[in-house]
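Participant:
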Amino acid sequence: MARPANPNSKRQRGFTILDSMKGIKRAAAIIFLKENLGIGNRYAETIYASHRTLAKSNGSMQKAYSVQCLHAGKTVEPFMRVENTFTLPEGTYETPTAAKDAYIKLLSAKLKSVEEL
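See below:
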């Protein structure tokens, strides 16, 4: 049986805060932790990293795959982008094969529209 939560534990309170902020950027989450818990930058980063590690290991975070052909606004060789996220953003897929298939479908649609010109 687990111990009861310690209301004075900044780490436990930080995890509760991070659980409620799933869609926020890393920098904003660290600033929020520092302000609300009165802790330093290094400890806030440690809490954030620990929270992500635990979320990955217990399965609440998942990998999102997408094929990209633009980098910094320039066309480049297509590459597989992998991102750890709590929810799948639009245009990403759960497997690399699904991401490749979607990219091939997009390219074939572009070719078809060019042929119709």
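Start counting the sequence shown at 4; every next residue gets the next number (this note's numbering).
Where is the CB? At the ideal position from N, CA and C, for every residue including glycine.
Small disclaimer: the values here were computed from a predicted structure and weren't measured.
Check each candidate in LEU120, THR90, PHE89 and MET83 and name the one with the smallest Cα separation from ALA105.
Facilitator: Among LEU120, THR90, PHE89 and MET83, the Cα nearest to that of ALA105 is on MET83.
Participant: For TYR46 versus ARG29, is the C-beta spacing smaller than 8 Å?
Facilitator: For TYR46 and ARG29, no; Cβs fall outside 8 Å.
Participant: If you draw a straight line from the C-alpha of HIS54 to the C-alpha of GLU118, how long is it?
Facilitator: Their Cα atoms are separated by approximately 50 Å.
Participant: In three-state terms, what does DSSP make of ARG6?
Facilitator: Note: ARG6 maps to coil in three-state DSSP.
Participant: Quick one: residues in its chain with C-beta nearer than 8 Å to the C-beta of LEU36, no 5 flanking neighbours on either side, listed in chain order?
Facilitator: These residues qualify, in order along the chain: GLY17, ILE20, LEU21, ILE42, ALA47, ILE50 and TYR51.
Participant: Can you list, in chain order, the residues of its chain whose CB lies under 8 Å from that of ALA67, leaving out five sequence neighbours each side?
Facilitator: Same-chain partners within the cutoff: VAL85, GLU86, ASN87, THR88, LEU91, PRO92, THR95, TYR96 and GLU97.
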